[in-house]
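Trainee: Residue numbers (this note's numbering), protein chains in the order written: chain A, 254 to 365; chain B, 132 to 245.
Structure incoming, see below.
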């Protein structure tokens, strides 16, 4: 059974701090990894994609991938109250780049 | 607006009725996905199209669910004889179909079955 696991949270951080969100996956040969942000009652919004080991930065967001450890993370620097949302980790099914396997999401609360 | 659009945004129906949802993908995207999401869960894959061909359907999907994508453009998802357990957010996503397959979601259709 291919799985993606995330801590459900809630993760609470003060405004201006770094929020660190983690995700592990079971399928060793997965190729692509995504972080989506979802506000309550809204649809998921793609915020980061990562395909190679290492770090990928985009504004205040940094995605980190370690395929050997089957681990992907998302760092949010200078967290803002508007970052309060659920963050979903998604991983492609190995050998099948059509379908994503989703984690249950981590709820983040950024406190002013 | 060049994003994925869905219609209607909300649907309330009585148990046993049929409902149909529409999704218009980003124009150059050849892959289209339908998902269902309930509170506290990640999106659950329902079905997938490449152009007009329906290439995969979830084994968990009841025969009451059917989807089409005529001419490889917009798609419709129909649920026949709705049940209360069908109440969920129905999400449509599209992608270019490149190897890494980034998927972009529409706003969703919230279905409530009374």
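For every residue, glycine included, the Cβ atom is placed at its ideal position computed from N, Cα and C.
Between the alpha carbons of residue 256 of chain A and residue 299 of chain A, how many angstroms are there, rounded?
Mentor: As a position in the first chain, residue 256 of chain A is number 3, starting the count at 1. As a position in the first chain, residue 299 of chain A is number 46, starting the count at 1. Their Cα atoms are separated by approximately 20 Å.
Trainee: Am I right that residue 137 of chain B and residue 239 of chain B are in contact with their C-beta atoms under 8 Å? What's the rounded C-beta distance?
Mentor: By 1-based counting over the second chain, the position of residue 137 of chain B is 6. By 1-based counting over the second chain, the position of residue 239 of chain B is 108. With a Cβ gap of about 6 Å, residue 137 of chain B and residue 239 of chain B count as contacting.
Trainee: With H, G and I counted as helix, E and B as strand and the rest as coil, what does DSSP make of residue 139 of chain B?
Mentor: By 1-based counting over the second chain, the position of residue 139 of chain B is 8. Reduced to three states, the DSSP call for residue 139 of chain B is coil.
Trainee: Can you list the beta strand (DSSP E) stretches of 3 or more residues lying completely in the segment 145-180 of chain B, in chain order?
Mentor: Listed in chain order, the complete beta strand (DSSP E) runs (minimum 3 residues) inside the segment 145-180 of chain B are 150-155, 162-168.
Trainee: Along chain A, in chain order, which residues have C-beta atoms closer than 8 Å to that of residue 238 of chain B?
Mentor: Looking up residue 238 of chain B in the second chain gives position 107. Per Cβ cutoff of 8 Å: 295, 296.
Trainee: Considering residue 325 of chain A, what are the terminal residues of the beta strand (DSSP E) in which it resides?
Mentor: Within the first chain, numbered from 1, the residue matching residue 325 of chain A stands at position 72. 324-329 is the span of the beta strand (DSSP E), which, as asked, contains residue 325 of chain A.
Trainee: On the CB-based measure, 16 or more other CB atoms within 10 Å of its CB, does residue 334 of chain A come out buried or exposed?
Mentor: Residue mapping note: residue 334 of chain A aligns to position 81 of the first chain, counting from 1. With fewer than 16 Cβ atoms within 10 Å of its Cβ, residue 334 of chain A is classed as exposed.
Trainee: Pick from A:262, A:305, A:287: whose alpha carbon is nearest that of residue 344 of chain A?
Mentor: The residue labelled residue 344 of chain A in the question sits at position 91 within the first chain. Among A:262, A:305, A:287, the Cα nearest to that of residue 344 of chain A belongs to A:287.
Trainee: Do residue 192 of chain B and residue 221 of chain B come within 8 Å of each other at the CB atom, strictly closer than that value?
Mentor: Locating residue 221 of chain B in the second chain gives position 90, counting from the first residue. Locating residue 192 of chain B in the second chain gives position 61, counting from the first residue. Contact: no.
Trainee: Taking the alpha carbon of residue 320 of chain A as the point to measure from, which residue in A:263, A:264, A:281, A:308 has its own alpha carbon closest?
Mentor: Looking up residue 320 of chain A in the first chain gives position 67. If we check each option's Cα against that of residue 320 of chain A, A:281 comes out closest.
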